[in-house]
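A.B. asks:
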Amino acid sequence: MIYVHIPFCLRKCNYCAFNSKTSDEPEKNFYVEALIREINLRGDSSKVETIYFGGGTPTTLTLNQLEKIICAIRKNFNVDNCAEITIEANPGTVDENYLRGLKALGFNRLSLGVQSFDEALLKILGRIHDSQTAIETVELAKKFFDNVSVDLMYGLPNQTLDNLRRDLMQIKILDVAHVSIYGLEIEEDTKFFELARADKLPLPDENLCADMYDFITETLPTLGYHRYEISNFAKKNFESRHNCGYWTGKSYFGFGAGAHSFDGKLRTSNVRDVATYIKGNAPEIEEVVTRQAAMEEFCFLGLRMVDGISAQVFENKFGVKIFDVFGEVIAKNCRLGLLKIDGEKISLTKRGLALGNEVFADFLL
Ligand SMILES: C[S@@+](CC[C@H](N)C(=O)[O-])C[C@H]1O[C@@H](n2cnc3c(N)ncnc32)[C@H](O)[C@@H]1O
Ligand code: SF4
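Following the numbering used here, the numbering of the sequence shown begins with 1 at its first residue and continues without gaps.
#1: Tell me, to the nearest whole angstrom, how far the beta carbon of N270 is from that of G258; I am working on the premise that it is less than 8 angstroms.
#2: On the three-state DSSP scale, how would you describe S180?
#3: Rounded to whole angstroms, what is the Cα-Cα separation between S310 and I346?
#4: Does the distance from the C-beta atom of R378 to that of F323 stay below 8 angstroms?
#5: What are the boundary residues of the alpha helix (DSSP H) that Q115 is part of?
#6: What is the rounded straight-line gap between the Cα of K12 and the Cα of D211?
#7: So, for N35: in the same chain, excluding its five sequence neighbours on each side, which residues have a beta-carbon less than 8 angstroms away from its beta-carbon?
#8: On the criterion of 16 or more Cβ atoms from any shown chain inside 10 Å, does R394 qualify as buried, or is it exposed?
#9: Based on the DSSP secondary-structure assignment, which residues constitute the bridge partners of S310?
#10: Quick check: what's the CA-CA separation for L220 versus N281?
#11: Ligand 2 and F18: does the residue's C-beta get closer than 7 angstroms to at least one heavy atom of that ligand?
#12: Can you list, in chain order, the residues of its chain whose CB lies under 6 angstroms from that of G101, leaving out five sequence neighbours each side?
#13: Could you pull the DSSP bridge partners for K142 from this structure?
#14: Below 8 angstroms between beta carbons: does that hold for F145 and L174?
#15: Look at the alpha carbon of Y228 and the alpha carbon of T222, and state the distance between them as a whole number of angstroms.
#16: Kindly give me the distance between the Cβ atoms of V159 and P204, rounded to whole angstroms, as I take these residues to be in contact under 8 angstroms.
#17: Under DSSP, the alpha helix (DSSP H) around M295 begins and ends at which residues?
#18: Can you give me the C-alpha to C-alpha distance between T86 and I6, rounded to a whole angstrom?
#19: Can you grab the Cα-Cα spacing for the pair F300 / V359, in whole Å?
#20: Mind checking whether the beta-carbon of T62 lies closer than 7 angstroms to any heavy atom of ligand 2?
#21: F326 CB to nearest chain D CB: under 8 angstroms?
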């Protein structure tokens, strides 16, 4: 698995704390050169089944810049012919010509950050696009890609259940393959954080957020999207292979500013600042993943998936029974109605899916 981080956006959204900033053409060129240096240095001809260009907004790069990065990856790794190759894109940054170019470069999955189709909410969020542009971009993307995903958010300032209902009806009309839907998190160093601190952000209360959550999890399946992870819903066979790789503990290369890598034992991270990354990146060791930590991760990452974790796979991987290590934690969360056991599968219940973080914390022994 390969992740490539593109830390550039046309404008910073009011809620976003991802490693991204506005930039100019010379800096983008230097960044692409630095990325290629890193890929050339770390390439190891291992087989790659998924590639994910995330951001930021990767589609702020030109097709030519993207081509250089893709070529470097293909030169240094053994990219599977059937690899899933995703790029994140914002409405307002792609046109027909650009989408055709992405397809020609081998991208076969497009993840569009829409957030909401509501005009007023898009303004509050500080998005660069309006609702009509979002709809037109999704329609255009579908002409070139079978595998189009849309990101939405809920729990937004001033958002009502009716707003959310209209967003999901728009998803029904657009009939995309995949939907990710995240509850708004108020992150430090964002405009929303400042507004919330000054008590000037009209967030929906806990009850309304819970109603929104119920509405989403009940409605999307009726539209043909099965929930396969806490925040992710897909038509059959359109689950994100790349993200499933993270949740099942696969190793991955992360290239670019602030990107993380995992080789099965070591977790490393690149320097976050773009200018410093361009000058020369020295990955830092973040964590040596001990056997104990690997067992904990197997559980709390795997449980994010609705199918849950397999006791047999755990035993094959670690040579010990899951109940011998986490027996008490599993029993406690079963008693609380947050986990369930079905044969050799352990998974979150409906209630557990809503309170996932509480369960995951318990697995940190
Ligand atoms: C890496 S971001 C970038 C995607 C793309 N640049 C865009 O915004 O259109 C991926 C997704 O994370 C979600 N996201 C970003 N900030 C968030 C926040 N503070 N709370 C919840 N979701 C957030 C958004 O849905 C966003 O589309
Ligand atoms: S949400 Fe997407 S477009 Fe907005 S600042 Fe974050 S990465 Fe950039």
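For each residue, glycine too, the CB sits at the ideal point set by N, CA and C. Keep in mind it's a predicted model, so treat the numbers as computed, not measured.
C.D. replies: The relevant details are as follows:
#1: Your numbering for residue 270 matches position 270 in the sequence shown. Your numbering for residue 258 matches position 258 in the sequence shown. That pair is a contact at about 6 angstroms.
#2: Position 180 of the sequence shown holds residue 180. Reduced to three states, the DSSP call for S180 is strand.
#3: The residue given as residue 310 occupies position 310 in the sequence shown. The residue given as residue 346 occupies position 346 in the sequence shown. About 6 angstroms.
#4: Residue 378 is absent from the model: the chain starts at 1 and stops at 365.
#5: Taking the sequence shown and counting its residues from 1, the one referred to as residue 115 is at position 115. Taken as a continuous stretch (DSSP letters only), Q115 belongs to no alpha helix (DSSP H), being part of the beta strand (DSSP E) at R109 to Q115.
#6: If you number the sequence shown from 1, residue 12 lands on position 12. If you number the sequence shown from 1, residue 211 lands on position 211. Computed Cα separation, rounded: 29 angstroms.
#7: Taking the first residue of the sequence shown as 1, we reach residue 35 at position 35. Strictly speaking, residue 35 in this sequence is Leu, with Asn absent from that position. In chain order, V4, I69, A72, F255 and G256 place their CB closer than 8 angstroms to the CB of L35, counting only its own chain and leaving out the 5 sequence neighbours on each side.
#8: Because the chain is modelled from 1 through 365, residue 394 falls outside the range shown and cannot be assessed.
#9: Counting from one through the sequence shown, the residue named residue 310 turns up at place 310. S310 is bridged by DSSP to K345.
#10: Reading the sequence shown from its first residue, position 220 is the one you call residue 220. Reading the sequence shown from its first residue, position 281 is the one you call residue 281. Computed Cα separation, rounded: 42 angstroms.
#11: On the sequence shown, position 18 is the one that residue 18 refers to. At least one heavy atom of ligand 2 is nearer than 7 angstroms to the Cβ of F18, so yes.
#12: Here the question's residue 101 lines up with position 101 in the sequence shown. Once the five neighbours on either side are set aside, the close Cβ partners of G101 are L63.
#13: Counting from 1 along the sequence shown, the entry for residue 142 is found at position 142. Answer is none; K142 lacks a bridge partner.
#14: Within the sequence shown, numbered from 1, the residue matching residue 145 stands at position 145. Within the sequence shown, numbered from 1, the residue matching residue 174 stands at position 174. F145 is not a Cβ neighbour of L174, given a cutoff of 8 angstroms.
#15: In the sequence shown, counting from the first residue as 1, residue 228 sits at position 228. In the sequence shown, counting from the first residue as 1, residue 222 sits at position 222. Rounded to the nearest angstrom, the two C-alpha atoms are 14 angstroms apart.
#16: Working through the sequence shown from its first residue, we reach residue 159 at position 159. Working through the sequence shown from its first residue, we reach residue 204 at position 204. Going by the sequence as given, residue 159 is Gln instead of Val. Rounded, the Cβ-Cβ distance is 6 angstroms, consistent with contact.
#17: Translated into the one-based positions of the sequence shown, residue 295 becomes position 295. First-last of the alpha helix (DSSP H) with M295: R291 to G302.
#18: Position 86 of the sequence shown, counted from the first residue, corresponds to residue 86. Position 6 of the sequence shown, counted from the first residue, corresponds to residue 6. Each residue's Cα considered, the two are about 13 angstroms apart.
#19: Position 300 of the sequence shown, counted from the start, is the residue given in the question as residue 300. Position 359 of the sequence shown, counted from the start, is the residue given in the question as residue 359. Those two C-alpha atoms are separated by around 8 angstroms.
#20: In the sequence shown, counting from the first residue as 1, residue 62 sits at position 62. T62 Cβ: outside cutoff for every heavy atom of ligand 2.
#21: Included in the structure is just one protein chain, with no chain D present.
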